[in-house]
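S.K.: Sharing a structure here in structure tokens format.
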Amino acid sequence: MTGRPLRLLLVDDNPGDVRLAREALREAGHLADLQAVRDGEEALSYLRRLNGHAGAARPDVILLDLNMPRLDGRETLRRLKADEDLRAIPVIVFSSSRSAEDVAACYGLHANCYVTKPADFEGFERVLQAIESFWSQVVELPPAGREPSGPAGPTGREP
Amino acid sequence: MAAFQAVFEHAPIGMSVADLDYRLLRVNRAFAGLLGYQPGELVGRTSASITHPDDVAQTVRAPRELLAAGEAAPPSFRLEKRYLHRDGRAIWAQVTGFLIRDEQQRPRHWVSLALDVTAQRRAAEALRESEQRLRLAVTRAPSPIIIHAEDGEILYLSEGFTRFSGYGPDRLRTVADWARVAYGEGSAAKLELIRSLFDREPGRAEQVVTVEHPIRAADGSTRIWAFTSGPIGRGADGRRLAISMARDVTDERAAQARAGQALSILRGVIEASPSAVFAVDRAYRYTAFNATHAAIMLAIYRSEIAVGGSLLEAMAVPEDRTKAKANLDRALAGEVVVEEADSGAHGPGRRWFEVTHQPIRDADGRVDGVAVYARDLSARRQAELAREAALEELRRSNADLERFAYAASHDLQEPLRMVVSFLQLLERRAGGCLDAEAREFLDFALQGASRMQVLVADLLTFSRAGRGDLQAEPVDAGEALDLALGDLSVALREAGGTVRRGPLPRVQAIRSQLAQVFQNLVSNALKFAGDRPPLVEIDAAREAGAWHFRVRDHGIGVAPEHHERIFQLFQRLHGQDRFQGSGIGLAIAKRVVERLGGRIWVESTPGEGATFHFTLPAAGDEARP
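Going line by line, the protein sequences match chains A and B. The numbering of the first sequence is the working numbering, which starts it at 35 and goes up by one. The numbering of the second sequence is the working numbering, which starts it at 451 and goes up by one.
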């Protein structure tokens, strides 16, 4: 537990989903810090603090949609897990697809879990609450990420 | 008188003088020499004593008869007789005896002339014997032989002639007799032909006439005789002779005619064959071909072919030529080569053939050519290609359709999720501010959107049902039913339903998909159970290579006109208010069963329940009885 609101990075090209996520968190009364980017490219820039994301905070958990323009969820997942610095951040694949192939493929790429987007708002609310409470209250997250500075390196870590 | 003495002594002809009893008084040298004596040795002997015993009687009789005739007698007698040579040989002589009379006409002496005719007699004898042998040879001959003289007389007729013709020497005196009976109306021309034999010179090969004539035998049948005829010189009496030898070739010609007919029928068959048939020699030159082959060569290669022309040169496409030569070379090496070939693949008239190359061997067994039979498979092959293309097109369009259905239903979910979620959010945040009517509208909008979500989800399920990415494997149908009933346990309890099941077999299927079929059929039975507590009976029976499953209920049943319709997508027989559902359960069951190689159908009478039947292939690992 961090003692501060959980930092969530939602990677999704659909503004409706982003808004639903915000509203669901708001309805639940939790103050999780939700940042949103539109696709995989932007997600990687955000995480690496490039291209106007210099001040971005390292998220505790990433919510990753699968079907996106430019860099889709699968490829983004592959790059995240290939990145020595970023691979420790838990990734929740968050997709409307229920296909067994998608589920299997994502776990094969080392997704930490796979959650299907609920079909209505009530379901959305339940799922977001569950995510928030699980990752902020149940699990022990990896030690906090680097401060917003230069390239990856063990020396940059907080104690 | 002295001159007469000298003539007597030195005459080259034998002369003797004898008394009336034919005792020799004088003989000349020629006479004594004829018999191997000195003239003095014969004086005093009688003529009879130097005569061959067989001729003594006539030797004695001839002079006596002449003497007895008195003055009316001729002055001489003549006879041919045999003397006995001193060494015992018979010497033929022509003897003329003159009776010498005195002035008073009284007989006094015999003066005889003896001409040695032994050589002539021997020649005549030999001729007679030779003629005898010829007669024998001709008359005994087993084949027809006839020898006739220039005046038409038939001299010899062979036994073979009689045997084959039925006519003997008794009925055939002349060649005219023969021409009449054998040739009937044509006899005049035939007689002229026979007569013309005498215009030819005997003994020269080119003067021999060989000709075949049909002749009419005595029994009325017609026979074919092959005559060889020619003049053979003169007979003993000086008449010119001709011989005709015949061979009865009736059976031979009939066999030849039959063989010829068979050959011509065979030729007709080959000529009319829809297969190309041809033969080439060792240099790939045509030795024969039928019309079909000629037509094909013209159609494919624009080549007009001819016997003696080269097959390879006629094949205007180099690839075809190379392949044809390779096959012919193998056949020329003694192999029977059967190949499928497509000719003119690079030209306009592509054709497919099954080509058989058969070595042709000469009398010594050496391959001196190749017979080729090319069966045209083009129609069949083109149909196959068309069918394959149609199948491929169907597969592609099916795959397209599947991808479309999947993508469409998948992509439809996203906006629907937005609609439903934000309607709910709207209801929650603004619901208090809305009047009753606005809330009702909102409810309808939400219900519609939710209903559409169910439809889209079902469509997605259907498009994924029985997708080909899983391999069918041996599955225990009982276990699949267990899975289905597990998912249905709540529904069964709520409906108070019972499932009775017989032993279920192993089938070739995919477990989750078979479970889905059972689940859809059982839930269908529960849904349409009617007023009674639902009872579902499930069993299976073996049919050839497959298992036949039955899922029977006692519910409201299905009218016959709907038996097909209920398996179609989104077909519902009842209003949403009576029975929930999108009408997809049976469509999915049908799709799964058919993808697994089975059939599904329903038998039902309304009010008496329904029995759903489906078949599935028996498991590949099933032990054979």
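Beta carbons are placed, not taken as given, at the ideal position from N, Cα and C, and that holds for glycine.
Taking one C-beta from the segment 60-73 of chain A and one from the segment 86-103 of chain A each time, how about it: are there three or more such pairs within less than 8 Å?
M.R.: yes
S.K.: Can you tell me the Cα-Cα spacing of residue 985(B) and residue 914(B), whole angstroms?
M.R.: 30 Å
S.K.: Considering only residues of the same chain and omitting the five flanking positions on each side of residue 1066(B), which have a CB-CB separation below 6 Å?
M.R.: 957, 959, 997, 1046 and 1048
S.K.: Return helix, strand or coil for residue 1074(B), following the three-state DSSP convention.
M.R.: Note that residue 1074(B) scores a pLDDT of 45, beneath 50, so its modelled location is shaky and nothing firm can be said.
S.K.: Name, in chain order, the residues that DSSP records as bridge partners for residue 603(B).
M.R.: 624(B)
S.K.: Answer with yes or no whether the minimum CB distance from residue 156(A) to chain B is below 8 Å.
M.R.: yes
S.K.: Given this structure, state the Cα-to-Cα distance separating residue 56(A) from residue 77(A), to the nearest angstrom.
M.R.: 18 Å
S.K.: List the whole-angstrom C-beta distance separating residue 737(B) from residue 819(B), where the pair is believed to meet the contact cut-off of C-beta under 8 Å.
M.R.: 6 Å
S.K.: Following the continuous alpha helix (DSSP H) through residue 892(B), name the residue where it begins and the one where it ends.
M.R.: 886-914
S.K.: For residue 845(B), is the classification buried or exposed, using 16 other Cβ atoms within 10 angstroms of its Cβ as the cut-off for buried?
M.R.: exposed
S.K.: Starting from residue 140(A), trace the alpha helix (DSSP H) both ways and give me its first and last residue.
M.R.: 134-142
S.K.: Can you name the residues of chain B whose CB is closer than 9 Å to the CB of residue 130(A)?
M.R.: The answer, in chain order, is 860, 863, 864 and 867.
S.K.: Using a C-beta cutoff of 8 Å, does residue 822(B) count as contacting chain A?
M.R.: The Cβ of residue 822(B) sits no closer than 8 Å to any Cβ of chain A.
S.K.: Between which two residues does the alpha helix (DSSP H) harbouring residue 863(B) extend?
M.R.: 828-880
S.K.: Under a Cβ-count criterion, where at least 16 other Cβ atoms within 10 Å of its own Cβ denotes burial, should residue 610(B) be classed as buried or exposed?
M.R.: buried
S.K.: If we require 3 or more residues per run, which beta strand (DSSP E) segments fall completely within the segment 636-679 of chain B?
M.R.: 659-666
S.K.: Using only alpha-carbon positions, find the residue among 526(B), 499(B), 511(B) and 659(B) that is nearest to residue 535(B).
M.R.: Distance from the Cα of residue 535(B) is smallest, within the candidate group 526(B), 499(B), 511(B) and 659(B), for 499(B).
S.K.: Determine the burial state of residue 501(B): buried for a count of at least 16 other Cβ atoms within 10 Å of its Cβ, exposed for fewer.
M.R.: Buried, since its Cβ has 16 or more Cβ neighbours within 10 Å.
S.K.: Helix, strand or coil: which one does DSSP assign to residue 1001(B)?
M.R.: strand
S.K.: Within the 8 Å Cβ cut-off, does residue 218(A) reach chain B?
M.R.: This structure gives no information on residue 218(A), because the portion of chain A shown stretches from 35 to 193.
S.K.: Is the segment 705-723 of chain B in contact with the segment 632-640 of chain B, if contact means three or more CB pairs nearer than 8 Å?
M.R.: no
S.K.: Hey, is the segment 803-815 of chain B in contact with the segment 752-764 of chain B, meaning 3+ C-beta pairs nearer than 8 Å?
M.R.: A contact is defined here as three or more CB-CB pairs under 8 Å, and the segment 803-815 of chain B fails this definition with respect to the segment 752-764 of chain B.
S.K.: Verify the CB distance criterion: does residue 985(B) have a CB-CB separation below 8 Å to chain A?
M.R.: no
S.K.: Between the Cα of residue 397(B) and the Cα atoms of 872(B), 1037(B), 1035(B) and 1004(B), which residue gives the shortest distance?
M.R.: Since the first residue shown for chain B is 451 and the last is 1075, residue 397(B) is missing from the structure and cannot be characterised.
S.K.: If you measure from the beta carbon of residue 115(A) to each beta carbon in chain B, is any gap under 8 Å?
M.R.: no
S.K.: Give a yes or no on contact between the segment 864-881 of chain B and the segment 918-935 of chain B, applying the rule of three or more CB pairs nearer than 8 Å.
M.R.: no
S.K.: Give a yes or no on whether the minimum CB-CB distance between residue 44(A) and chain B is below 8 Å.
M.R.: False, the Cβ-Cβ gap to chain B never drops below 8 Å.
S.K.: Is residue 969(B) close to chain A? Criterion is C-beta to C-beta, closer than 8 Å.
M.R.: no
S.K.: What first and last residue would you give for the alpha helix (DSSP H) that runs through residue 506(B)?
M.R.: 506-518
S.K.: Can you grab the Cα-Cα spacing for the pair residue 482(B) / residue 684(B), in whole Å?
M.R.: 38 Å
S.K.: If distances are taken between C-alpha atoms only, which option among 589(B), 561(B) and 542(B) comes closest to residue 571(B)?
M.R.: 542(B)
S.K.: I want to verify the contact list: residues of chain A whose CB lies under 7 Å from the CB of residue 871(B), in sequence order.
M.R.: 54, 154, 155 and 158
S.K.: Along the chain, where does the beta strand (DSSP E) containing residue 531(B) start, and where does it finish?
M.R.: 526-534
S.K.: Starting from residue 80(A), trace the beta strand (DSSP E) both ways and give me its first and last residue.
M.R.: Residue range 74-82 is occupied by the alpha helix (DSSP H) that includes residue 80(A), with no beta strand (DSSP E) assigned at that position.
S.K.: Whole angstroms is fine: what's the gap from residue 731(B)'s alpha carbon to residue 772(B)'s?
M.R.: 17 Å
S.K.: If residue 951(B) sits next to residue 931(B), beta carbons under 8 Å apart, how far is it from one beta carbon to the other, in whole angstroms?
M.R.: 7 Å
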